[in-house]
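> Residue numbers (the UniProt record's numbering): 1 to 1124.
Even for Gly, the Cβ is constructed at its ideal location relative to N, Cα and C.
Sharing a structure, written as structure tokens. Questions coming.
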């Protein structure tokens, strides 16, 4: 570079023509690069001399070899540099000159010149003037000297034309001195002109810089006044900016784990340096190649000389990144004190509505290793295909860096509060909030440029270039070091502040289109409408069938009443005849042929022995119509539930009382939850939820509808009773999904109120809440399950009503007031049962209050919770889970939340306790059999509603599978690679945060682990014991109740009394014993009912019963004996 400067100084005012002679396309250092220069200098009449009175001139001079010997630079005073100087020595210059006569038209010969140790010295000094206490450069003074060293010149003359003057020159004894003096004279004449040009150009540059930048911006030290209209919100009282002020000052600016310096140490291996190009020591080794490729600038064109420049970094080290201090963002400016220790807002307008931004960096050093390749192929300069290849190091050190600014924002009162969630997350709408009065009143920067050095990475010649550059930098830094901070203040405040204000002006006054938030579509309207319509149509059809059979039954009864007594006698004779025919067994083919007709007629039977629950005339017509309708309605309800959204997970950022921003995280429905769980390989939980929430509710209602419509001859009452008993007992298992959801609602609830920095400004903090919101799918599933439970009780009640035997509670034992334990045979049973019942009660009650399970939040989320003062562990008991449910919901008093809480406590706490108390009362209280029977059936209902066992299974399923499912849900956010970084968030956490507590061993952004606590084992034992004891005791109680049935003698006596009463009333047919099935499906013969008239359906049935008579006719066994 210095060699280029030398040639510019020597030949800049001459007419230069550079011509390449060959293309080498080599990369070489400065000396090698200069050797490729080919210089052709055309002279005017200034390069002439005389020999023996004859004048000769150099027409041109072609320089074809330049060898650089040395180059160096230095300052006049190392401690206080005011000027610098540079020196250059050429080891050899070889040139060929064309000689002419005085007319400059006729060539007379050729001169071959070789110069040795030609040198040049260049110096530069500056004068300054004082402006506002700063010394600015006024003028530049340069000093240049060139010595061709004529004593070391070799010259040879060739005279191809035989010209006399040429021959005279050839043999001249002082030819070297003559030629040297000619060339030296030419240079001496041009040097002052060159010096003047350099001085004027550099002085002009400094003057322009001083007046257009330095002096202008030295004036820009006071804040710009931006008036604020009335009716604007004072953001210094905003919860959002107060939170940012707290976070920047204490969280990121302090010494916490999230402090900026600690974070940078974490990412830079505790060095505070960003290193690229140093192999394994690189800060981000995976990104090094990408960063270096970005910092390569190739084929930069220089049009004036048709040149190209390649520049790139080989190594970059930015140090001091962990020396941040004085960080304050959005701090109310009123808290800043002046030199007199009072608020600066007392003397500055609109200061009370301005926020302060400040940040300091104690030290910043930049160390760069670079390479540069330069070449030219133009008319003025040609490097003969060679490229200048230089490698060097640049080191810059700046200290005491400090940036301070002010922000003033004018937003109309109440405008932000009116924004929808969509508008709050739209950058255009946020910028549209700004009105006149918004801007940057002041930006201020302070720094100290301590070192600016360059070192060469190659030979000593490049060291000389380095010395020149460093000398220039030393002089500049020494002259302008006090000015640089003030200059940067003005420059940043002017250019930066004006640019931001101009940008903001483009948004002021703009409007934001209304963008209301779309409500979450919690259910499929088409599915709801279709299912309810189908249920309604089918119910109408069933209603019509029921009415039709009611009319037919009424007409048949009327016809029977109008028959004559003789007809009754004939019917009785037919009955006797049919009974005799029954003794004769029909052939198999005849019976098989009659079976279809018999089977079809069973569906139309309305008599008590063969009718279904739907067509049984003893059941009220309203009940017969309503039950199928509500069953179909229940199926429709489950369909709409399973196709809708069960729950949504939303993050709510509440900005004081100003607004709340909702960030949807995920939504859950039955189908997508099961699908996601299956994809996440959470097979047990997926199967449980699909089985008990997706299959069982429909299966139960379908079977319930089946038993309601099936005739008694196809599904005997005993079988029907067993089916209904199983449906009633297992219906509660549909609650499993509801309990899992309750666990998620409470466990995943986060309420993080961020601290308030200035309590005198802000009352309500910024809060970050995470809610699992109950939606249509969950609520309808819960209500549908309760509806199904009640419905099964109703159908069981209808069945028991038809099979009820009123004589069971009569007799001596039935009417006596005795406890049931007196009817057990063994003393051990009398003692063991109450003991185990009491132990179960104590264990269950204790298990409700002991901490049974917990959720630990690990990974980055758990670590952040701990830093924010929140516990990363949640512990729960059964009671805790229910009591904390409303507080974990967005709307704690909503219908969905309160009904969930009521059902939770009712089915898990209240009913199990009531069940155990009822069993105590049933065992110990002296009651009549009637009341004991009522209490027994109440205990059956309590067991059907007691879901403590279902809850335990849901807890176990959550413990086993919830962690894996949660990891699957966050995998798309945490595990996906970020293209710009080449790593995922999980990989970043593992690499830079892996040693932190709660992260070590849990290297992910979010992990929840469910744990069983010590109290869970007592709860599990209590539930197992509860199930065994209650089931066993119900069987023992059933046997005890059977022992309180009337004796056969008491039944005969009651039968005789009934016959006597019937005979007194001749209008009533004589009663006869009829086989009836008991409440639990057990046949009974206690009920006395009138003999039904024989109908065609009876006759058909009697024909079909020929082959199954023995199986069809129940034996005379009491209800309780059959149960026993």
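(1) The beta strand (DSSP E) spanning residue 393 covers which residue range?
(2) If you reduce the DSSP assignment to three classes, tell me which class residue 955 lands in.
(3) Could you please give the first and the last residue of the uninterrupted alpha helix (DSSP H) stretch that includes residue 486?
(4) Measure from the alpha carbon of residue 1177 to the alpha carbon of each residue in 632, 854, 865 and 872, then state which is nearest.
(5) Look at residue 55 and residue 102 and say whether their C-beta atoms are less than 8 Å apart.
(6) Roughly how many whole angstroms lie between the Cα atoms of residue 470 and residue 970?
(7) Is the stretch 725-745 in contact with the stretch 679-693, if contact means three or more CB pairs nearer than 8 Å?
(8) Report yes or no: do three or more beta-carbon pairs, one from the stretch 368-376 and one from the stretch 325-335, lie closer than 8 Å?
(9) In three-state terms, what does DSSP make of residue 94?
(10) Check for me: the beta strand (DSSP E) holding residue 130 runs from which residue to which?
(11) Helix, strand or coil, according to DSSP, for residue 627 in the structure here?
(12) Are the beta-carbon atoms belonging to residue 660 and residue 735 less than 8 Å from one another?
(13) Just verifying my parser: in three-state terms, what is the DSSP assignment at residue 613?
(14) For the pair the stretch 305-317 and the stretch 273-281, tell me if three or more CB-CB distances fall below 8 Å.
(15) Indicate whether residue 657 and residue 236 have their beta-carbon atoms separated by less than 8 Å.
(16) Report the residue from 795, 763 and 949 whose alpha carbon sits nearest the alpha carbon of residue 240.
(17) Apply the 10 Å Cβ neighbour rule to residue 518 and answer buried if 16 or more other Cβ atoms are within range, or exposed otherwise.
(18) Cutting at 7 Å between CB atoms, please list the residues of its own chain near residue 248, excluding the five before and the five after it.
(19) I need the boundaries of the beta strand (DSSP E) containing residue 57, first residue and last residue.
(20) Alpha carbon to alpha carbon, what distance is there between residue 779 and residue 787?
(21) Under the three-state reduction of DSSP, which class applies to residue 1061: helix, strand or coil?
(22) To the nearest angstrom, how far is the alpha carbon of residue 445 from that of residue 477?
(23) Just the C-alpha distance for residue 434 and residue 664, rounded to the nearest angstrom, thanks.
(24) What are the start and end residues of the beta strand (DSSP E) that includes residue 714?
(25) Residue range of the alpha helix (DSSP H) that residue 244 falls in?
(26) Quick one: Cα of residue 816 to Cα of residue 696, how far?
(27) At which residue ranges does the stretch 692-767 contain complete beta strand (DSSP E) runs of 3 or more residues, listed in the order of the chain?
(28) Just confirm the distance between the C-beta atoms of residue 936 and residue 922, as a whole number of angstroms; I'd bet it's less than 8 Å.
(29) Return helix, strand or coil for residue 987, following the three-state DSSP convention.
(30) Work out the CA separation of residue 130 and residue 375 for me, nearest whole Å.
(31) Could you tell me which residues DSSP pairs with residue 874 in its beta bridges?
(32) Looking at the structure shown, is residue 223 part of a helix, part of a strand, or coil, going by DSSP?
(33) In chain order, what residues of the same chain lie with their CB nearer than 8 Å to the CB of residue 599, ignoring the 5 residues before and after it?
(34) I believe residue 728 touches residue 626 by the beta-carbon criterion, under 8 Å. Please report the beta-carbon distance rounded to the nearest angstrom.
(35) Residue range of the beta strand (DSSP E) that residue 996 falls in?
(36) Give me the residue from 400, 430, 420 and 424 with the minimum Cα distance to residue 410.
If we stick to the structure as given:
(1) 387-408
(2) helix
(3) 483-491
(4) No answer is possible for residue 1177: the residues shown for the chain start at 1 and end at 1124.
(5) yes
(6) Rounded to the nearest angstrom, the two C-alpha atoms are 55 Å apart.
(7) The stretch 725-745 makes contact with the stretch 679-693: 3 or more CB pairs, one atom from each, lie closer than 8 Å.
(8) no
(9) strand
(10) Per DSSP, the unbroken beta strand (DSSP E) holding residue 130 starts and ends at 107-131.
(11) helix
(12) For residue 660 and residue 735, no; Cβs fall outside 8 Å.
(13) coil
(14) Taking a contact to require three or more Cβ pairs closer than 8 Å, the stretch 305-317 and the stretch 273-281 qualify as touching.
(15) no
(16) 763
(17) Result: exposed.
(18) So the qualifying residues of the chain are 327, 328 and 329.
(19) 54-75
(20) So the two alpha carbons sit approximately 12 Å from each other.
(21) helix
(22) So the alpha carbons of these two residues sit roughly 18 Å apart.
(23) In a straight line, the C-alpha of residue 434 is about 27 Å away from that of residue 664.
(24) From DSSP, residue 714 is part of no beta strand (DSSP E); its letter is neither H nor E.
(25) 239-246
(26) 44 Å
(27) 750-753
(28) 6 Å
(29) helix
(30) 43 Å
(31) 855
(32) coil
(33) 714
(34) With 8 Å as the limit, residue 728 and residue 626 do not qualify as a contact, their Cβ atoms being about 19 Å apart.
(35) Unbroken run through residue 996: none, as it is neither H nor E.
(36) 430
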